[in-house]
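Numbering (the working numbering), first residue to last: 1065 to 1358.
Input: a single structure, listed below in structure tokens.
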Ligand SMILES: [Fe+2]
């Protein structure tokens, strides 16, 4: 069956049919999905009852898995429920029980409910993320996406000129501080040292410009912190206007793939007494977006 993509939203997001993500893809299928990603930035595949290994294999069709010595979270390896190559975005502990509301891992996870782009706190931020819905709560728990190309295009020319060469500093410390979680160890603070990112990115394939924002952005190089924070907040508000946002209401076995270079996303609230089991594979970015100091 040929790969077919139908739009789910006026400015981005497509639903793919004709692909079984559990089986090896042919070059034509990979090319069709890549082309779909370049156009729509978010793709939804329904009814993919996939295993972790199959999800990893599917992801590898599009590049290298992201892998770092320093973690992008605070959960220790021994406390992790899943094997290497796949990240646990559930509310479960390593024994499969719902995490305590007092668990600092849970506090940390709540930061994912702020608008962000995955791994923008890394010098080479993520290319695609692929999230599989294994167990979906009965209510809420949507994932929302914002098209940062459309957000950039809608800026006035004066603002576009002003931001063209601006550089932001991104860190998990900033996004966690935003929800009042400041209880980080010296080791975590060292691991989450801020990195620099351009505020405007150009997509390597399409050449489209986008706003590169995230809750992880907490400073603009050469600006005072208050001026930077208020400007970033204004840009964030602009970029997440309803016309640029798609809300994905999960069905079990949905697989959703997004381009972190041209979108932001956020998780939405759900009843924490219910299980939410979603698992993410992540594709590494090609290279650092900008030179890092030191
Ligand atoms: Fe994320």
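All residues carry an ideal CB built from backbone N, CA and C; glycine is no exception.
Quantities reported herein were computed from a predicted structural model and do not represent experimental measurements.
{"query": "Cut-off 7 angstroms between Cβ atoms - residues of its own chain near residue 1280, not counting five sequence neighbours on either side", "result": "1180, 1184, 1185, 1234, 1235, 1236, 1238 and 1239"}
{"query": "Bridge-paired residues (DSSP) for residue 1273", "result": "1266"}
{"query": "Bounding residues of the beta strand (DSSP E) (the contiguous stretch that carries residue 1345)", "result": "1341-1346"}
{"query": "With 16 other Cβ atoms within 10 Å as the buried cut-off, status of residue 1211", "result": "buried"}
{"query": "heavy atom of ligand 1 below 7 angstroms from residue 1329 C-beta", "result": "yes"}
{"query": "Proximity below 8 angstroms, CB of residue 1276 to CB of residue 1263", "result": "yes"}
{"query": "Residue environment, residue 1258, which counts as buried when at least 16 other CB atoms sit within 10 Å", "result": "buried"}
{"query": "Residue 1327 vs residue 1105 beta-carbon contact at 8 angstroms", "result": "yes"}
{"query": "Cβ-heavy atom distance, residue 1180 to ligand 2, below 7 angstroms", "result": "Annotation note on ligand 2: not contained in the displayed structure, which lists ligand 1 as its ligands."}
{"query": "Local conformation of residue 1237 per DSSP, three classes", "result": "helix"}
{"query": "Simplified DSSP state of residue 1310, which is helix, strand or coil", "result": "strand"}
{"query": "Residue 1174 versus residue 1332: straight-line alpha-carbon distance, rounded", "result": "9 angstroms"}
{"query": "From 1341, 1159, 1135 and 1287, residue whose alpha carbon lies closest to that of residue 1226", "result": "1287"}
{"query": "Residue range of the beta strand (DSSP E) that includes residue 1106", "result": "1106-1109"}
{"query": "Start-end ranges of the beta strand (DSSP E) lying completely within the stretch 1208-1253, minimum 3 residues", "result": "1231-1234"}
{"query": "Range of the contiguous beta strand (DSSP E) that encloses residue 1081", "result": "1078-1081"}
{"query": "Test item: CB-CB of residue 1134 and residue 1261 under 8 angstroms", "result": "no"}
{"query": "Within the stretch 1138-1192, ranges of the alpha helix (DSSP H) (whole runs, at least 4 residues)", "result": "1168-1174"}
{"query": "Stretch-stretch touch, CB-based, cutoff 8 angstroms, three pairs: the stretch 1213-1228 with the stretch 1089-1104", "result": "no"}
{"query": "Spatial distance of residue 1337 from residue 1201 (CA atoms)", "result": "9 angstroms"}
{"query": "Contact test: residue 1021 Cβ vs ligand 1 heavy atom, cutoff 7 angstroms", "result": "No statement about residue 1021 is possible, as the shown extent of the chain runs from 1065 to 1358 and does not include it."}
{"query": "CB-CB length for residue 1347 against residue 1192, believed under 8 angstroms", "result": "4 angstroms"}
{"query": "Separation of residue 1230 from residue 1291, as counted between CA atoms", "result": "13 angstroms"}
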